[in-house]
Amino acid sequence: MTVQTATSPAPPPTRRRTNGHRLRGWAYASPTALFVLVLFVVPLALVFRMSASKWPLLSGDQGINFPDNFTAAVDNRFFVDSVVFTLKYTILATILLIALGLGLALMVQESSRWKGLLRTSFLVPSALGLASASLLFYVLYSPLAGPLAPFMERMGWSFLGSPDAALASTLFLIVWRYAGFYMLLMLVGLQSIPGDIYEAARMDGANRWHTFSKITIPLLKPTLALTTILCVTGSLLAFEQFYILTKGGPDNSTITVVQLIYSVAFQGQNDLGVAAALSVLVLAALVVINVVQLRAFRGSDES
Amino acid sequence: MTIATVTHADPTAELPPVRRSAPPTTIAGLALRTPFWVFSGALAVVFLFPLVWTSVASVSPKPGTGQVDGWGFGNYVTLAHYQAGIWQYLANSVIVSGLCVILTLAISTLGGYAFARFRFPGRNALFMLTLAILMVPYATLLIPLYVLLNTLGLQNSLVGVALVLTMFQLPFSTFMMRISFESIPRELDEAAMVDGCSSFSALWRVLLPAVRPGLITVGLFAFLAAWNDFFAPLILINDSNKLTLPLAVANLRVQVQGVVDYGATEAGVVVLALPCIVLFLLLQRHYVRGFMSGALKG
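Chain order of the listed sequences is X and U. For the first sequence, the numbering used here gives the first residue as 1, with consecutive numbering after it. For the second sequence, the numbering used here gives the first residue as 1001, with consecutive numbering after it.
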């Protein structure tokens, strides 16, 4: 979104541009400015301040201690594990969601009553909140109450029993919840490809695979870039699905970075300074990762 | 890059145009399409099954839940009497979502109008800053917001949660309202102003009816986000009487020492999901259009 509006056209100049006009503009924009300033700019500055200060949850600011919070953050015994797990989860979730989103979109792109029904059923889960969806699957995966409970008992296996099974089960939940959403974004992208290009390809005798790899994929690149960035950002910040569904287990194998921030701040350690330091690190990592992605997508454009 | 504004009435039905002509309905054609129907139908079942199963399981008998024998609403009764009572949590969620929707609509309408129709110093900077909210992780902002709301006397307050959720809605809603206003011909409000309307009454009487689809999209998104949000109230609310519904249902799982009441959890999921699904089905075309009009076209 940010990239796009940077290039969006400014409104055509009006005939009279008086001080009153500017003042009225500011007056209409002032609630936005107030919210952005108080609830975004100030907290953003505050998090940097906190990350450099001793700041326990209950007693508040105890003065600057830079860079103690950052060393404590990196030395946390779950830091490396959570970073590795978050990256692993992000890569898997992104590949699955982009591939399935595109697959579903190709499947339902022509309009017919049946395909409209399919679209709606793929989209319905995305109306649920992630917390509600996680709670739903918590019951669904349960070895006591879930529909597959007898099967799990016979096999001596459960959905959340081992680290790999827990990750796979969470990925299934995420695909269920988000595949429709990514399908929708892909449909919008597919719609922008002019139909006569496909017509021309068919005249030239291109088969389905050629049409897909030589026309659909290259022309869909802006959409693929947008969806990948969205998906990577969202997955790096994963919290609810692990907090509710796996609770970080089994054996602390599914702790994400945001979960680590939460637990450092509010569960046990109660250290807002270290949590703020971790948040700053996440912010920096996210900016770097997004810049790299934008470069990569732009770079492959030129070649 | 251009901004695609969709103007047709039902994007779900019309999206996207037919590219390949469907095979003629012959016996051979039917035979060819049967595997597709079976496969796609099975996929649709996979997507719908969890929802259907939960709704059915919430009213079916199960030992260890509020509904031991026979079908009925025992689990919902358990849910209703959980701690402060479901009505309290529902009321909390309604307050947070309602406030968030009203604030988001008001702020983004005024802001969108300002960005679309006025030129003032700092206009682009403010707009970019609003969009930059999207770039910053949720957790990065909530830790300092917890401290900030404490100093503002809004600790443990539903109003505080609503204000924070409104801020997180601003990038999408401001963007959406800006392009909604920009897609309306300038002559419309200029004519109103020539006729003696102030800029505010031009907005209120002339432009607002014209941007209704944008308002519905922004309102729907704000409601879904606020109703479902888990992380902000988790951090900002400590008082168990002020929990919102998702938090209350999540806590419900550990009601009795380590024993999970699955039945009441199912009932809670149904109560949480029902308004979202009903709203989604009613406003599906607006939901879809929200993405379409904000989408990039390369």
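Where is the CB? At the ideal position from N, CA and C, for every residue including glycine. Here the structure is a predicted model, which is why all the values come from computation and not from measurement.
CA-to-CA distance, residue j to residue i, given in whole angstroms
i, j, result
"W1053/U", "L92/X", "27 Å"
"L294/X", "A225/X", "8 Å"
"I193/X", "V1038/U", "29 Å"
"G1064/U", "Y1262/U", "8 Å"
"V1259/U", "K247/X", "16 Å"
"A1250/U", "N1092/U", "15 Å"
"N1150/U", "N1156/U", "8 Å"
"P1023/U", "R113/X", "Legend: pLDDT at P1023/U = 49, less than 50; position of this residue unreliable, no value from coordinates given."
"N19/X", "V175/X", "53 Å"
"T71/X", "F1230/U", "30 Å"
"P147/X", "F137/X", "11 Å"
"P43/X", "Q241/X", "26 Å"
"A1264/U", "T254/X", "26 Å"
"I215/X", "G205/X", "13 Å"
"L1279/U", "L128/X", "11 Å"
"P1000/U", "S1173/U", "Outside the displayed range of chain U (1001 to 1298) lies residue 1000/U, so it cannot be described from this structure."
"I1184/U", "L1207/U", "8 Å"
"L1203/U", "G234/X", "36 Å"
"L166/X", "L160/X", "The question names Leu, but residue 166/X is Ala in the sequence shown. Those two C-alpha atoms are separated by around 4 Å."
"L1103/U", "S1097/U", "10 Å"
"T223/X", "F1175/U", "19 Å"
The alpha helix (DSSP H) enclosing residue i, as first and last residue numbers
i, result
"G189/X", "P163 to Q191"
"E199/X", "G195 to M203"
"E110/X", "Note, E110/X: premise wrong, no alpha helix (DSSP H); not H, not E."
"C1197/U", "From DSSP, C1197/U is part of no alpha helix (DSSP H); its letter is neither H nor E."
"S1108/U", "I1086 to R1117"
"G20/X", "N19 to V36"
"Q1155/U", "Q1155/U -> no alpha helix (DSSP H), and no H or E assigned at all."
"Q259/X", "V257 to F266"
"T1054/U", "I1027 to V1059"
"S132/X", "L130 to L140"
"H210/X", "R208 to T211"
"P143/X", "Looking at the DSSP string, P143/X is not in any alpha helix (DSSP H), and its letter there is neither H nor E."
"L1214/U", "Checking the sequence, you will find Gly at residue 1214/U rather than Leu. Start and end: R1212 to N1228."
"A127/X", "Run containing A127/X: none; DSSP gives neither H nor E here."
"P1233/U", "F1231 to L1236"
"P250/X", "Looking at the DSSP string, P250/X is not in any alpha helix (DSSP H), and its letter there is neither H nor E."
"S235/X", "K221 to L236"
"V1147/U", "Y1138 to T1151"
"F151/X", "A149 to M155"
"G1074/U", "G1074 to A1080"
"R1123/U", "R1123 to A1132"
Counterpart residues of residue i in DSSP-defined beta bridges
i, result
"P56/X", "D271/X"
"I64/X", "S53/X"
Cβ neighbours of residue i in the same chain (closer than 7 Å, five flanking residues each side left out)
i, result
"L281/X", "A73"
"M152/X", "P143 and S158"
"E1182/U", "A1116"
"A1232/U", "L1142, V1161, V1164 and L1165"
"L1272/U", "L1245, P1246 and V1249"
Assumed close pair residue i, residue j - CB separation to whole angstroms, cut-off 8 Å
i, j, result
"P1144/U", "M107/X", "Their Cβ separation, rounded to whole angstroms, is 45 Å, which puts P1144/U and M107/X out of contact at 8 Å."
"I98/X", "T227/X", "6 Å"
"L1126/U", "T32/X", "7 Å"
"Q1083/U", "S1240/U", "6 Å"
"G189/X", "L220/X", "5 Å"
"V258/X", "A1139/U", "5 Å"
"Y1089/U", "A1248/U", "4 Å"
"A1222/U", "V1136/U", "Contact flag wrong, Cβ pair sits at about 19 Å."
"F35/X", "I1107/U", "6 Å"
"S1060/U", "V1270/U", "That belief does not hold up - the Cβ atoms of S1060/U and V1270/U are roughly 12 Å apart, past 8 Å."
"N1228/U", "S132/X", "6 Å"
"V274/X", "N69/X", "5 Å"
"T256/X", "T120/X", "About 31 Å; that fails the 8 Å criterion."
Contacting residues, own chain, Cβ-Cβ under 6 Å from residue i (five flanking each side not counted)
i, result
"Y1076/U", "A1267"
"A276/X", "V47, M50 and S51"
"I1124/U", "According to the sequence provided, residue 1124/U is Asn. The question's Ile does not apply to it. No residues qualify anywhere along the chain."
"V139/X", "A145"
"F1307/U", "No information on residue 1307/U is available, as it lies outside the stretch 1001 to 1298 that chain U covers here."
"T1078/U", "G1066 and A1264"
Proximal chain B residues relative to residue i, where beta-carbon distance stays under 8 Å
i, result
"W1227/U", "In the displayed structure, chain B is absent; the protein chains listed are X and U."
Closer than 7 Å: residue i CB and nearest the ligand NAP heavy atom
i, result
"P1137/U", "Of the ligands one can find in the structure shown there are none, so the ligand NAP has no counterpart to examine."
Nonlocal neighbours in the same chain, by C-beta distance under 8 Å from residue i, ignoring five residues either side
i, result
"Q269/X", "S263"
"N252/X", "F78 and D81"
"K1062/U", "V1068, Y1262 and G1263"
"S1040/U", "none"
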